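Take 9 as the starting number for the sequence shown in my numbering and just add one per residue. In this text, a Cβ means the ideal position worked out from N, Cα and C, and glycines have one as well. Quantities reported herein were computed from a predicted structural model and do not represent experimental measurements. One structure is given below, encoded as structure tokens.
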Amino acid sequence: MVGIQLTALHYVYLAFIAAVALIGAVLLPVAIRVGLPALGAAMAMNLFGHGIALSATILFRVLQN
């Protein structure tokens, strides 16, 4: 069985993903409090998360080389 070797960059990426989820969890009640419907808040969080993830992927690919 082949094990997976994680580098420091992988750990940074995993921490980054967790941070995005925590930011969304903090911003959801704020978005609902200012009057954004729950579905609108969920869509905004989804777009934010995908945008951050795509930006981070390019950054990590550059750092890896």
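Notebook entry, point to check: If you draw a straight line from the C-alpha of Leu35 to the C-alpha of Gly43, how long is it?
Noted result: 13 angstroms
Next item on the list: Pull up the distance between the alpha-carbon of Leu30 and that of Gly59, whole angstroms please.
Entry: 15 angstroms
Notebook entry, point to check: If you draw a straight line from the C-alpha of Pro45 to the C-alpha of Gly32, how long is it?
Noted result: 15 angstroms
Check: Taking C-alpha atoms, which residue in Ile25, Met53, Leu22, Ala23 lies nearest to Pro37?
Finding: Met53
Margin query: Determine whether the beta carbon atoms of Ala27 and Ala39 lie at a separation below 8 angstroms.
Written below: no
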